[in-house]
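To keep things clear, I will list the structure first and then write my remarks on it.
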Amino acid sequence: MRYIGNKENLLERIASKFNKFGIHGNSFFDFFAGTTNVGRFFKERNYTVSSCDLLYLSYCLQKAYIENNDEPQFKKVLPYIRPINTVLCATPLEKIVAYLNEIKDVFGFISQNYTPLGTKHLTQPRMYFSEENGLRIDAIRQKIEEWKNLQLINETEYYILLACLIESVSFYANVAGVYGAFYKKWDPRAIKRFMLRPIKIYNNNLPNEVFYTDSLNLVEKSYFTTPAGKHIPLAKYSDRDAYKGGDKSKIISIPDLVLLDIRNSEIITIEGKKYKNRQAGIKELAGYEAFDNLYLEKYYPAHRILRTVVLYGSKQDRIIEVEIGFLLNEKGKMVLGIYAPKLFTRAIHNLLDYWN
Ligand SMILES: C[S@@+](CC[C@H](N)C(=O)[O-])C[C@H]1O[C@@H](n2cnc3c(N)ncnc32)[C@H](O)[C@@H]1O
Numbered sequence: 240m241r242y243i244g245n246k247e248n249l250l251e252r253i254a255s256k257f258n259k260f261g262i263h264g265n266s267f268f269d270f271f272a273g274t275t276n277v278g279r280f281f282k283e284r285n286y287t288v289s290s291c292d293l294l295y296l297s298y299c300l301q302k303a304y305i306e307n308n309d310e311p312q313f314k315k316v317l318p319y320i321r322p323i324n325t326v327l328c329a330t331p332l333e334k335i336v337a338y339l340n341e342i343k344d345v346f347g348f349i350s351q352n353y354t355p356l357g358t359k360h361l362t363q364p365r366m367y368f369s370e371e372n373g374l375r376i377d378a379i380r381q382k383i384e385e386w387k388n389l390q391l392i393n394e395t396e397y398y399i400l401l402a403c404l405i406e407s408v409s410f411y412a413n414v415a416g417v418y419g420a421f422y423k424k425w426d427p428r429a430i431k432r433f434m435l436r437p438i439k440i441y442n443n444n445l446p447n448e449v450f451y452t453d454s455l456n457l458v459e460k461s462y463f464t465t466p467a468g469k470h471i472p473l474a475k476y477s478d479r480d481a482y483k484g485g486d487k488s489k490i491i492s493i494p495d496l497v498l499l500d501i502r503n504s505e506i507i508t509i510e511g512k513k514y515k516n517r518q519a520g521i522k523e524l525a526g527y528e529a530f531d532n533l534y535l536e537k538y539y540p541a542h543r544i545l546r547t548v549v550l551y552g553s554k555q556d557r558i559i560e561v562e563i564g565f566l567l568n569e570k571g572k573m574v575l576g577i578y579a580p581k582l583f584t585r586a587i588h589n590l591l592d593y594w595n
């Protein structure tokens, strides 16, 4: 799909960094999903994928490609539509797409705003889509909405059809890449007859999740990933009423970062601080009790929990405090603490090997 910032051509390079830096895991969060290319890539590699974007277009793609695992059956709507000649053994989606490619043109939002037909009054009528294709896109878009309103298609089927439409229009749009401007002459692809194309369905049999919001909302809310890859929102208080009643110890301190070391069955909870604030960091480690009880011990009972402080800044190249796992100093030197978690030692060795 043509989409600015599409990472399609970088996927193998992204994956190769995982190998180089020894990053392992079974869940993947794509906070800027866009076309969903990145999410799909990791979904195909059996990660439980979560993804988010604040653009509705992307949400539709995410619902169809990331969250959904099943070939849509269109059981309710298929009996209602006139069968169209399709290839032998056509899937239900292919049958629906063939039908939508034959329905009558309709003048609607796209024709009105994005084709010369609806914008004749402007000094430069808009040429995002040819008049013929605008009418066809409107007809398909409205039919999908009509089926949804009549409950002839379910939510997943609805988003799958929207994803087919979103993917297809990009092959006929008279634009260079984004819809901020259109070509003033017709590109050959834009005057071809618009044909809806079925999307490919990706199935990893895992509970993938998608979100339509500013990703910062998810980060600020804080989620915990269970071993099954489910994201559960973190509670703010161990006892909300007691906290509201004045017992400030009932707030749950959440580590800045939680790392899972699968190889050594360890979980590392991390407080990040500037070097000069290291004592405050060490103090904060003591407050992770509720977090450990509620999440780590519950969902990862066989793992050893390590708490550590990670620092940056200063000219120091030695760490004395045992609670400190790592320091990145102002000279760029990486210093491991006396009891640094094994995962840190391994990651730094891998990094140095890579640089050398
Ligand atoms: C470069 S594009 C998409 C890249 C994507 N990896 C791909 O291959 O298609 C960046 C995406 O981030 C989304 N985005 C930007 N800021 C965001 C935010 N604060 N929360 C959620 N999505 C955001 C945009 O809507 C856009 O779809």
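Counting in our numbering, the sequence shown runs from 240 upward without gaps. Idealized CB from N, CA, C, for every residue including glycine.
8 angstroms Cβ shell around residue i - same chain, five flanking residues per side excluded
i	result
I506	V497, L498, L499, D500, L535, Y539, H542, R543, I544 and L545
V609	Because the chain is modelled from 240 through 595, residue 609 falls outside the range shown and cannot be assessed.
Y295	Y451
Y527	S492, P494, T508 and R546
R557	V574
Y397	I383, W386 and K387
N248	none
N308	I440, Y441, N442, N443, N444, L445 and N447
D486	D478
E370	S350, T354, P355 and L356
Opposing strand residues paired with residue i [DSSP bridges]
i	result
I509	L496 and T547
Y476	I490
S289	F268 and E448
H588	DSSP output for H588 lists no bridge partner at all.
T275	In the DSSP output, where bridge partners are listed per residue, T275 has none listed.
F463	I471
V574	L566
Residues near residue i by beta carbon distance below 6 angstroms, same chain, minus five either side
i	result
Q351	G357
F274	In the sequence under discussion, the amino acid at residue 274 is Thr, which differs from the Phe named in the question. Result list for T274: M240, Y242 and N245, in chain order.
L332	P311 and P437
Y551	L567
I399	A303 and P311
L650	Outside the displayed span of the chain (240 to 595) sits residue 650, for which this structure offers no information.
K417	According to the sequence as given, residue 417 is Val; it is not Lys. Here the set comprises I243.
L293	D453
K581	N503
S297	A272 and G273
T464	S266 and H470
D426	N413
S553	Y514 and N568
Residue i CB to nearest heavy atom of ligand 3 below 8 angstroms
i	result
Y286	Here the bound small molecules are ligand 1; ligand 3 is not part of this structure.
Cutoff 7 angstroms; reference residue i; Cβ partners in own chain excluding five residues on either side
i	result
K382	L339 and I342
Q555	Y514, L566 and N568
A579	G564 and F565
Y441	R279, K282, E283 and Y304
D495	I509, E510 and G511
L300	T274, T275, A402 and I405
H263	I501
F421	R365, M366, Y367, N413 and V414
V548	E510, K512, R517, G520, I521, L524, E562, I563 and G564
K475	I490 and I491
K314	none
L374	D344, V345, F346 and S350
S255	none
L604	Nothing in the structure corresponds to residue 604, since the chain is present only between 240 and 595.
F583	G564, F565 and L575
In chain order, each alpha helix (DSSP H) run of at least 4 residues that lies wholly inside the region 366-422: 370-388 and 394-408
Would the region 430-449 and the region 401-416 be scored as touching if the rule is three or more Cβ pairs under 8 angstroms? yes
Any contact of the region 259-277 with the region 575-595, i.e. 3+ C-beta pairs under 8 angstroms? yes
Validate contact between the region 440-455 and the region 288-302 using beta carbons, cut 8 angstroms, 3 pairs: yes
Note down, one range per segment and in chain order, each alpha helix (DSSP H) of at least 4 residues found wholly within the region 287-361. As far as the region 287-361 is concerned, its whole alpha helix (DSSP H) runs of at least 4 residues are 295-301, 331-339 and 348-353.
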